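The UniProt record's numbering applies: residue 1 is where the sequence shown begins, and numbers increase by one. So the structure is just underneath, and the comments pick up after that.
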Amino acid sequence: MRSTAQSTSQASPQHVSHHHRLSASGGSPRSPTDRFINLAIWLDLCEPAQQFGTIVPKRAATCTVLLNAILALSSKHLAHIGNFDRYASDRYHQECLNVLIPMLSHEDTAADENLFAATIILRVWEEMEFKHSGFDSQGYLLGIHAFVHGHGHKIVPNTLSAAAFWVGLRQEIYTATINQQPVKAPLVLSLADSARGLSPAEDHDWANRAVIHCVDVLNFCFGETVSTLSPRFSWDELSSWNKQWSARLPDSFTPTYFKERGPGDAFPEIWHHSSWHVTGLQHHILAELFLVSFDPKIPRIGRQRLEAAKNVNDRVCALVREVCGIGLGNQWTPPGMFTACMAITAFGDRFHERRDQEALLDMLRRTEKDHARPTEAVQQQLMRSWGWDTSQMT
Numbered sequence: 001m002r003s004t005a006q007s008t009s010q011a012s013p014q015h016v017s018h019h020h021r022l023s024a025s026g027g028s029p030r031s032p033t034d035r036f037i038n039l040a041i042w043l044d045l046c047e048p049a050q051q052f053g054t055i056v057p058k059r060a061a062t063c064t065v066l067l068n069a070i071l072a073l074s075s076k077h078l079a080h081i082g083n084f085d086r087y088a089s090d091r092y093h094q095e096c097l098n099v100l101i102p103m104l105s106h107e108d109t110a111a112d113e114n115l116f117a118a119t120i121i122l123r124v125w126e127e128m129e130f131k132h133s134g135f136d137s138q139g140y141l142l143g144i145h146a147f148v149h150g151h152g153h154k155i156v157p158n159t160l161s162a163a164a165f166w167v168g169l170r171q172e173i174y175t176a177t178i179n180q181q182p183v184k185a186p187l188v189l190s191l192a193d194s195a196r197g198l199s200p201a202e203d204h205d206w207a208n209r210a211v212i213h214c215v216d217v218l219n220f221c222f223g224e225t226v227s228t229l230s231p232r233f234s235w236d237e238l239s240s241w242n243k244q245w246s247a248r249l250p251d252s253f254t255p256t257y258f259k260e261r262g263p264g265d266a267f268p269e270i271w272h273h274s275s276w277h278v279t280g281l282q283h284h285i286l287a288e289l290f291l292v293s294f295d296p297k298i299p300r301i302g303r304q305r306l307e308a309a310k311n312v313n314d315r316v317c318a319l320v321r322e323v324c325g326i327g328l329g330n331q332w333t334p335p336g337m338f339t340a341c342m343a344i345t346a347f348g349d350r351f352h353e354r355r356d357q358e359a360l361l362d363m364l365r366r367t368e369k370d371h372a373r374p375t376e377a378v379q380q381q382l383m384r385s386w387g388w389d390t391s392q393m394t
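What follows is the structure, given as structure tokens:
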């Protein structure tokens, strides 16, 4: 069966000559395209075929939408971490839109998985753009929603479309966590339903199960306004599934190295050898963080309230330390740091020791410096919540 999105015919406007590719936006794309190979690991976290790192660059050779999406993202990242033309990214972005928008308006090209992959890449660009604009328009998230809503029923496993769906879902989790809202993205039911199982499976499937579980938990915590195609689960059901995932997890998820945090340490040291282990464990912990915080059984009044609140706070802090330890111990896969920053954003205000607070801020700053992920606003919010004098902070 063909996937939704095999490339359209050679007459499609997305196909361009070799001469045009090398002169896109008036500059040589060699450095940015090389950079994208490194950035692709941000996307291929649970993808054994490494679709974004292998298939996408090959298709970009004949697909101007993918090419300019790659160049826009890579140039944005290069400009942030080094001495690179700060305006190049905007030029490549506009070149991409000049072709992408007309193609999305035609039924015969709108289902092209290359456009879906390009939209995923541009969403990463959009997340980085927040640092400069101060506003997340979420325009490409809406584009991802539109593709899945219109063509998700055609997506099959082991295709670029399926890989793009999982990336888009993780991007949606990031937005939902940061903004304390439900996951608004429609789901590819064939992929999501199978990911709610707990039978023996490959390690990357276990990671995707944790991702779907995180979606279900966020939807439980943050409201009723979710897609009618997304099932609603009770807290007890979600808590039970969370525990079963841990109990049935393959031994391969055991860390290759683990060191408890010492008296002077904020976090434990935890190493893993695969990005899907990092992704699965962190999303499972993130889900548990929200389950612990939204436990309906927590006493709200009476003499047990203070003790229960302390127990919840202790558990939340322990889980945040763990997710941060995984991020720091596996910096070869940068999204581990991104997920740690999500946990810090949501729960960092619960830390009361100055040493812990400084360690959390250091993670946020390091993630922004090394990976162009915007964290400055979160830093300011946390410092205010901790009672720091932000007027003296740089």
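Yeah, the Cβ is synthetic: ideal placement off N, Cα and C, and Gly gets one too. These numbers were taken from a predicted model, which means no experiment stands behind them.
Could you work out which residue in the options is closest to residue i when comparing CA atoms only?
i           : options                        : result
Cys63       : Val183, Val99, Gln51           : Val99
Arg170      : His213, Ala79, Thr109          : His213
Cys324      : Glu237, Thr339, Val312         : Thr339
Gly197      : Asn242, Pro157, Ala176         : Asn242
Leu328      : Ala359, Glu353, His149         : Ala359
Lys297      : His145, Ala287, Val312         : Val312
Leu281      : Val148, Glu322, Arg261         : Glu322
Asp236      : Glu353, Ser199, Asp193, Val292 : Val292
Val167      : Glu260, Arg86, Phe52           : Phe52
Gly150      : Ile120, Trp332, Glu368, Phe116 : Phe116
Thr345      : Ala60, Ser385, Leu39, Thr159   : Ser385
Ser199      : Ser246, Asn219, Lys154         : Ser246
Gly387      : Arg350, Pro102, Lys76          : Arg350
Asp265      : Glu368, Trp125, Pro102, Arg355 : Arg355
Cys317      : Ala343, Phe294, Leu78, Leu39   : Ala343
His77       : Pro102, Thr367, Asp295         : Thr367
Glu113      : Gly139, Arg86, Arg365, Val148  : Val148
residue 431 : Asp90, Arg86, Thr159           : Residue 431 is absent from the structure shown; the chain starts at 1 and stops at 394.
Phe165      : Met337, Phe258, Ala195         : Ala195
Pro157      : Asp193, Asn179, Val124, Gln180 : Asp193
Leu238      : Lys184, Asp295, Ile270         : Asp295
Please look up how many angstroms separate the CB atoms of residue i and residue j, rounded, as I've assumed it's under 8 Å.
i           : j      : result
Gly152      : Pro186 : 6 Å
Pro182      : Phe222 : 5 Å
residue 405 : Ala146 : In this structure the chain extends from 1 to 394, so residue 405 is not present and cannot be described.
Thr175      : Leu141 : 6 Å
Phe289      : Phe347 : The displayed chain sequence assigns Leu, not Phe, to residue 289. So it is a contact: roughly 6 Å between Cβ atoms.
Leu43       : Ile155 : Not quite, the Cβ-Cβ distance comes to about 16 Å (not below 8 Å), so this is no contact.
Ala88       : Leu122 : Going by Cβ atoms, the distance from Ala88 to Leu122 rounds to 15 Å, so no, they are not a contact pair.
Ile173      : Leu218 : 7 Å
Ala201      : Thr279 : Not confirmed; about 15 Å, so no contact.
Met128      : Ala372 : 5 Å
Leu189      : Ala162 : Between Ala162 and Leu189 the Cβ distance is about 13 Å, and since that is not below 8 Å, they are no contact.
Arg36       : Pro57  : Rather than Arg, the amino acid found at residue 36 in this sequence is Phe. Right, the Cβ-Cβ distance comes to about 7 Å (below 8 Å), so this counts as a contact.
Ile41       : Thr333 : 6 Å
Asn330      : His272 : 6 Å
Could you tell me if residue i is buried or exposed, where buried requires 16 or more neighbouring beta carbons within 10 angstroms of its beta carbon?
i           : result
Asn68       : buried
Gln357      : buried
Trp276      : buried
Arg303      : exposed
Ser274      : buried
Ser105      : exposed
Asp362      : exposed
Ala210      : buried
Tyr92       : buried
His204      : buried
Gln379      : buried
Leu382      : buried
His352      : exposed
Glu47       : buried
Phe267      : buried
Arg59       : buried
Thr375      : buried
residue 395 : Here the chain comprises residues numbered 1 to 394, so residue 395 is not present and cannot be evaluated.
residue 409 : Summary: the structure shown does not reach residue 409, with the chain confined to residues 1 through 394, and so no result is reported for it.
Ser74       : buried
Pro102      : exposed
Glu260      : exposed
Pro263      : exposed
Thr109      : buried
Gly336      : buried
Asp216      : buried
Residues bridged to residue i by DSSP?
i      : result
Glu95  : Bridge partners of Glu95: none, in fact.
Ile270 : Phe258
Is residue i near the ligand NAP - that is, is its Cβ less than 7 Å away from at least one heavy atom of it?
i      : result
Glu322 : What this structure holds is no ligand at all, so the ligand NAP is not there to describe.
Alpha helix (DSSP H) runs contained entirely in the stretch 307-361, provided each spans 4 or more residues = 335-347
Taking only runs that begin and end inside the stretch 135-218, name each unbroken alpha helix (DSSP H) of 4 or more residues, in chain order.
139-151, 160-179, 189-194
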